[in-house]
Amino acid sequence: MEAGETFYDRVYELVRQVPSGRVITYGHVALLLGAPAAARAVGYALHSLPAANDVPWWRVINVRGAISLKGRGAQADLQRALLEGEGVRFGPDDRCELERYRWWPDEPVAERR
DNA sequence: GAGATGACGGGCT
DNA sequence: AAGCCCGCCATCT
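Residue numbers in the first sequence follow our numbering, run continuously in steps of one, and reach 117 at the last position.
1. Using 10 angstroms around the beta-carbon of Arg93, count the other beta-carbons present and answer buried if the total reaches 16, otherwise exposed.
2. How would you label Gly91, buried or exposed, when you count the other beta carbons within 10 angstroms and need 16 or more for buried?
3. What's the gap between the Cα of Val59 and the Cα of Ala45?
4. Could you pull the start and end residues of the alpha helix (DSSP H) that Phe11 belongs to?
5. In angstroms with no decimal places, state the Cα-to-Cα distance between Ala41 and Arg106.
6. On the three-state DSSP scale, how would you describe Val33?
7. I need the straight-line Cα distance from Thr203 to Pro109, nearest angstrom please.
8. Just mark Gln83 as buried or exposed, buried being the case when its beta carbon has 16 or more other beta carbons within 10 Å.
9. Run through DSSP, which three-state label would Ala78 get?
10. With distances taken Cα to Cα, identify the nearest neighbour of Val22 among Ala56, Arg63, Ser72 and Ala70.
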């Protein structure tokens, strides 16, 4: 789309920083980008994520610690598998201990100038 | 330029 | 406790 940095790019850049075995919520991503209420936009950003990308989108989950991804689908199943492969365990209710895996960067990307 | 959409979140019923 | 509704933001048609 626009040249350089769009909101999408910021989302990707931030998600790219999430280490293996850790997760982050849409709301947190939005908050770190300076838009605490832009959780929807964050999801939209990942939705538009191109096939060829180096972004660990599967580490982004909703505030419940579960996978949203339209509720279900091949992608959702894949995401769960990837997270489990990194050590993130899901309970019987398809949720993981968010408080335990939640990751937080040292400094907000938004102010990283 | 306006309207509708969506991988969400929080609040109220 | 579970479910429904509204609002937020950015992008797309």
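Idealized CB from N, CA, C, for every residue including glycine. Computed from a predicted model, the values in this text were never measured in an experiment.
In terms of the structure at hand:
1. Burial call: exposed.
2. Exposed, since its Cβ has fewer than 16 Cβ neighbours within 10 Å.
3. If I take the Cα positions, the gap works out to 17 Å.
4. Secondary structure note for Phe11: its alpha helix (DSSP H) is the uninterrupted segment Phe11 to Val19.
5. If you take the alpha carbons of Ala41 and Arg106, they lie about 19 Å apart.
6. In this structure, Val33 counts as helix in the three-state DSSP scheme.
7. What the structure shows of the chain is the stretch from 5 to 117, and residue 203 is not part of that stretch, so it cannot be assessed.
8. Answer is buried; the Cβ neighbour count reaches 16.
9. DSSP places Ala78 in the helix class (H, G or I) of the three-state scheme.
10. Nearest Cα to Val22 within the set Ala56, Arg63, Ser72 and Ala70: Arg63.
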